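Trainee: Here it is, the structure, as structure tokens.
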Amino acid sequence: MRTTIKNSGLKAVINHKGAELISFTSKDNIEYIWEGNSEFWGKHSPVLFPIVGTLKNNQFIYKNNTYHLPRHGFARDLDFQLIDSKESQAVFSLKANEETIEVYPFHFELQIWYTLKKSKLTIAYKIINQEEVTMPFSIGAHPAFALPKAFENYSLVFEHPEVLKSYQLENDLLSDVTVSHEMNANKLPLTYPLFEKDALIFKKLNSKKITIIENEIPLLRVQFDDFPYLGIWTKNNAPFICIEPWLGYSDTVHSTGNISEKEGIQFVEPKQTFACSFSLEIL
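So the sequence shown is residues 133 to 415, counted in the numbering used here.
Set out below in structure tokens:
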């Protein structure tokens, strides 16, 4: 099933599987979300929960028990319920069940709120802890933006000056190796060799806004005030770029496996709600 929301200038389509944004178009019908061609990558904008990235040996330890989770968790593969819908807003919910508790031993509700206002789509997450204990989790976004012209026509403009230093992956785990990236003022020109070692992973940035530009023309801005970490990724020769706000990242090569000690892990207190959001703005 799919749900469509719209306002006078924008339209967004969300697939109930994974509560995944699969289309975001302007009033002149320009599509900003990657089409999901499986020849390159068969997703559009998956939600990463309850982990971001990869666990060492695809497992974690909690209270001396071992649990197994695939890369990026399970939310992107499960059906969400539409719990509220208006013309310009839709709210989706995923609740723990027997299958999720086997791999992530917590009773939770994950709500995802899609809201259109003027030229902006806001995507808000609410992680509700229904347990009597503190719940560890990570959550992240993975939107892929369509780049219909030659990849080198595009650049990413950061809100503030940056000394860009990304962490490299080693067997899908975060290594100690960092790579510095040259900027032209606040601008990072896109080239495929940037991603020859997989995603660019940033633990610290000054910027909370990144703008995609095409030959100096601004197209779309991602704003991620609530997210301390960021991934940027594409595949070789693929006509898209992912700008991924994260609350968490892959295990490091030094990980103990204990989820409570995991770098970047977040916590929500018993019977409490953790909320965060980011936005996409067509320029």
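Note that beta-carbon positions come from the ideal geometry of N, C-alpha and C, so glycine has one too.
Computed from a predicted structure; not experimentally measured.
(1) According to DSSP, what are the bridge partners of residue 240?
(2) For residue 281, which option in 241, 347 and 138 has the closest C-alpha, if you only look at C-alpha atoms?
(3) Could you please give me the residues that DSSP links to residue 200 through a beta bridge?
(4) By the DSSP assignment, the beta strand (DSSP E) with residue 354 in it spans what residues?
(5) Kindly indicate the opening and closing residues of the alpha helix (DSSP H) around residue 215.
(6) Is it true that the CB of residue 179 sits closer than 9 Å to the CB of residue 242?
(7) Mind checking whether residue 246 and residue 153 have CB atoms under 9 Å apart?
(8) Suppose you measure from the CA of residue 355 to the CA of residue 411; what does that come to, to the nearest Å?
(9) Along the chain, which unbroken stretches of the beta strand (DSSP E) at least 3 residues long are found entirely within the segment 307-331?
(10) Provide the residue span of the alpha helix (DSSP H) that contains residue 294, from first to last.
(11) By alpha-carbon positions, which one of 269, 350 and 332 ends up nearest to residue 366?
(12) Cβ of residue 338 within 9 Å of Cβ of residue 274?
(13) Just to confirm my understanding: we take residue 357, look at its own chain, exclude 5 residues before and 5 after, and list those with CB closer than 7 Å. What are they?
(14) Which of the three DSSP states is assigned to residue 172 in this structure?
(15) For residue 297, I'd like the list of residues in its chain whose CB is within less than 6 Å of its CB, leaving aside the five on either flank, ordered along the chain.
(16) For residue 207 and residue 226, which I take to be in contact (beta-carbon distance under 8 Å), what is that distance rounded to the nearest angstrom?
(17) Mind checking whether residue 308 and residue 385 have CB atoms under 9 Å apart?
(18) Output the boundary residues of the beta strand (DSSP E) element that contains residue 145.
(19) Please determine, among 306, 360 and 148, the residue with the shortest C-alpha to C-alpha distance to residue 216.
Mentor: Taking the definition as stated:
(1) 261
(2) 347
(3) 191
(4) Looking at the DSSP string, the run of the beta strand (DSSP E) that includes residue 354 is 349-355.
(5) Here residue 215 belongs to no alpha helix (DSSP H); instead the beta strand (DSSP E) covers 213-218.
(6) yes
(7) yes
(8) 5 Å
(9) 319-321
(10) Here residue 294 belongs to no alpha helix (DSSP H), and DSSP marks it neither H nor E.
(11) 332
(12) no
(13) 340
(14) Judged by DSSP in its simplified three-state form, residue 172 adopts coil rather than helix or strand.
(15) Contacts found: 310 and 312.
(16) 6 Å
(17) yes
(18) It spans 142-147 - the beta strand (DSSP E) in which residue 145 sits, taken as one unbroken run.
(19) 148
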